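Worksheet for the structure shown next.
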Amino acid sequence: MDRSTILLIDDNPQIHSIISDLLRPLDYQIFAALNGQEGLDLAHQHRPDLVLLDVMMPGMDGFAVCQALRSDAQLSKVPVIMITALDDRGSRLRGFESGADDFIGKPFDTIELRARVATVLRLNRYRLLLEEQERTAVEKARFAWVVEQSDDGYLIINHADEIQYSNQRARELLSIGSDEASPFLSCLARQYSFAPQQAWDSWPAPLADGAPRMLVRPETRMSSEFWIQVDLANQPPISDDRIVVRLRDVTTQITSQRDMWTFHAMMAHKLRTPLVSILGGLTLINDGAATMNREGIAHIAEIAIAGTRRLKSEIEDILHYLQPSADLQGHARMGVERLEALVRDIAHELGITSLEVVCHEHALPLQIVLAESSMEVVLRELLENAQKFHPYQNPDVRIEIGRNSQNMIVMRILDNGVTLSPEQISAAWRPYYQGERSFTGQIDGMGLGLALVARIVYAAGGACTLSNRNDGPGIMVEMCLPSV
526 MDRSTILLID
536 DNPQIHSIIS
546 DLLRPLDYQI
556 FAALNGQEGL
566 DLAHQHRPDL
576 VLLDVMMPGM
586 DGFAVCQALR
596 SDAQLSKVPV
606 IMITALDDRG
616 SRLRGFESGA
626 DDFIGKPFDT
636 IELRARVATV
646 LRLNRYRLLL
656 EEQERTAVEK
666 ARFAWVVEQS
676 DDGYLIINHA
686 DEIQYSNQRA
696 RELLSIGSDE
706 ASPFLSCLAR
716 QYSFAPQQAW
726 DSWPAPLADG
736 APRMLVRPET
746 RMSSEFWIQV
756 DLANQPPISD
766 DRIVVRLRDV
776 TTQITSQRDM
786 WTFHAMMAHK
796 LRTPLVSILG
806 GLTLINDGAA
816 TMNREGIAHI
826 AEIAIAGTRR
836 LKSEIEDILH
846 YLQPSADLQG
856 HARMGVERLE
866 ALVRDIAHEL
876 GITSLEVVCH
886 EHALPLQIVL
896 AESSMEVVLR
906 ELLENAQKFH
916 PYQNPDVRIE
926 IGRNSQNMIV
936 MRILDNGVTL
946 SPEQISAAWR
956 PYYQGERSFT
966 GQIDGMGLGL
976 ALVARIVYAA
986 GGACTLSNRN
996 DGPGIMVEMC
1006 LPSV
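Sequential numbering from 526 applies to the sequence shown in the working numbering.
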């Protein structure tokens, strides 16, 4: 416990010595002043726990000093014991009116002085403790109000993964009651998918790269997709076995960035090819019109016109993509029988000549719950990566299409290009809404633009995995997509 501080204000140095000798054995810290103004200055400097104040002093007497203390917001609650030789009733009343808490008469009794000082200090310590408790209660109430009104969900979870506290927003996000002590991961799994699952296998340990964990509720006919970022409080545990978890709605950030990446991919792939034929044809006519015959000019013009028509068609597709459509409302469907043709068209555009597509018959009658335009973005990204990261940009690609026991379409895309490190594999599918440094969403240091693919697949209610091939160099991407 801290030593109590006593300020003695008396114009008589002998009184200083007497009182100091009497109180020092009780381990008080004592400061002394010879006049009222010096006493006020020391009071501001040391903030004493008690003031022993002589009444009869030249200049500023004890009554004036006491009134000055009571008028000061920082010192108004410091207890004051007046030391006085005045024994009349009027002087004591004046002392109480000026703010004194008690009186000790001169000459004072040693036992009485020590007892009164100890009593007043003890009462003052209780008062300070009570005020601190009241302040703490008020601060807790304010903090509780802020947490309850927060747009983020907050939970306290114990070592058994049980929810011990949840604010209103967390209860809304997890659809739980205020008194429900449910297992945290079980509450999440009731309505969300872990994106990706690998990031949750080590819960609640922080991820090595400090990345957040994500949850997604796939879009349906009745609701849009919904993304939640899950963060652990960056602080020591509030007790030996409890952690603080924040749930943040990042749907707008996720969908906005995915739409930006998707639009960029569509612009880059759909507009470049027809522009090349248009620009190339017009350049040939411009440079060689003087020496070309009519048939040659007409042939080149036909190529340019065909490119123009294709450009018009692609622009209409892009405008259609930007408009609210069934794809955004969970109504989009694509027949499995269209996959092989779509894959071969993309491979032909990219110049991939070694392509094998195997589609099992039991998958053909099904429809994938994804728009063909979105599937095209996914397949183009994967085939481009296979080509871009092959040592000679000429990969052998094999695509297998089947159906699993949950009636989901399973697609495996295998190439014979690079082998990835464990760090690259663990980060490849992580759907950040920030962190990638390039506009295209490619993961820094890796180059594989898979974040967009992951977001499209997860939003549809699917899942993705990435692994190195066991039979040689290259990777295998596996996607599971819901079907009807």
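Cβ coordinates follow ideal geometry from the N, Cα and C atoms, glycine included. The model shown is predicted, which means the values in this text are computed figures rather than measured ones.
On the DSSP bridge assignment, give the partners of residue i in chain order.
| i | result |
| --- | --- |
| residue 927 | 935 |
| residue 605 | 576 |
| residue 532 | 556 and 576 |
| residue 681 | 690 and 769 |
| residue 991 | 1002 |
| residue 719 | 740 |
| residue 752 | 741 |
| residue 922 | 880 |
| residue 627 | 606 |
| residue 860 | 892 |
| residue 774 | 753 |
I need the DSSP call for residue i, collapsed to helix, strand or coil.
| i | result |
| --- | --- |
| residue 785 | helix |
| residue 545 | helix |
| residue 708 | strand |
| residue 881 | strand |
| residue 757 | strand |
| residue 1012 | With the chain represented from 526 up to 1009, any question about residue 1012 goes unanswered, as that position is not in the structure. |
| residue 817 | coil |
| residue 588 | helix |
| residue 615 | helix |
| residue 700 | coil |
| residue 1008 | strand |
| residue 917 | coil |
| residue 805 | helix |
| residue 666 | helix |
| residue 728 | coil |
| residue 733 | coil |
So, at 8 Å on beta carbons, what are the nonlocal neighbours of residue i in its own chain, with the 5 sequence-adjacent residues on each side left out?
| i | result |
| --- | --- |
| residue 922 | 872, 877, 879, 880, 881, 908, 911, 938, 939 and 940 |
| residue 564 | 532, 534, 558, 576, 578 and 590 |
| residue 731 | 757 |
Can you find the residues in the same chain that come closer than 6 Å, C-beta to C-beta, to residue i, ignoring five residues on each side of it along the sequence?
| i | result |
| --- | --- |
| residue 684 | 766 |
| residue 994 | 1001 |
| residue 773 | 677 and 754 |
| residue 918 | 912 |
| residue 989 | 954, 979, 982 and 1004 |
| residue 624 | 591 and 595 |
| residue 999 | 940, 941 and 942 |
| residue 699 | 712 |
| residue 944 | 993 and 998 |
| residue 752 | 741, 775, 776 and 779 |
| residue 960 | Reliability fails at residue 960, whose pLDDT of 34 lies under 50, so the model's placement of it is uncertain and the value that follows must be treated cautiously. So no residue of the chain qualifies. |
Just to confirm, is the Cβ distance from residue i to residue j under 7 Å?
| i | j | result |
| --- | --- | --- |
| residue 829 | residue 807 | yes |
| residue 1006 | residue 934 | yes |
| residue 716 | residue 739 | no |
| residue 635 | residue 547 | yes |
| residue 606 | residue 627 | yes |
| residue 679 | residue 742 | no |
| residue 1008 | residue 893 | yes |
| residue 574 | residue 649 | yes |
| residue 529 | residue 646 | yes |
| residue 924 | residue 868 | yes |
| residue 895 | residue 936 | no |
| residue 687 | residue 721 | no |
| residue 769 | residue 701 | no |
| residue 568 | residue 600 | yes |
| residue 991 | residue 926 | no |
| residue 977 | residue 786 | yes |
Which residue wins for smallest C-alpha separation from residue i, given the options the options?
| i | options | result |
| --- | --- | --- |
| residue 788 | 840, 662, 893 and 928 | 840 |
| residue 781 | 756, 805 and 750 | 750 |
| residue 619 | 658, 900 and 592 | 592 |
| residue 584 | 991, 572 and 561 | 561 |
| residue 692 | 623, 647, 671 and 580 | 671 |
| residue 835 | 529, 637 and 802 | 802 |
| residue 928 | 694, 883 and 902 | 883 |
| residue 827 | 805, 673, 694 and 696 | 805 |
| residue 799 | 896, 792, 832 and 992 | 832 |
| residue 777 | 896, 616, 556 and 984 | 984 |
| residue 694 | 686, 651, 675 and 682 | 675 |
| residue 673 | 696, 900, 588 and 865 | 696 |
| residue 554 | 527, 690, 600 and 569 | 527 |
| residue 632 | 870, 539, 875 and 768 | 539 |
| residue 638 | 864, 811 and 551 | 551 |
To which residues of the same chain is residue i closer than 7 Å at the C-beta, ignoring the five residues directly before and after it?
| i | result |
| --- | --- |
| residue 997 | 941 |
Using a C-beta cutoff of 7 Å, does residue i count as contacting chain D?
| i | result |
| --- | --- |
| residue 903 | The chain labelled as chain D is not found in the depicted structure, where only one protein chain is given. |
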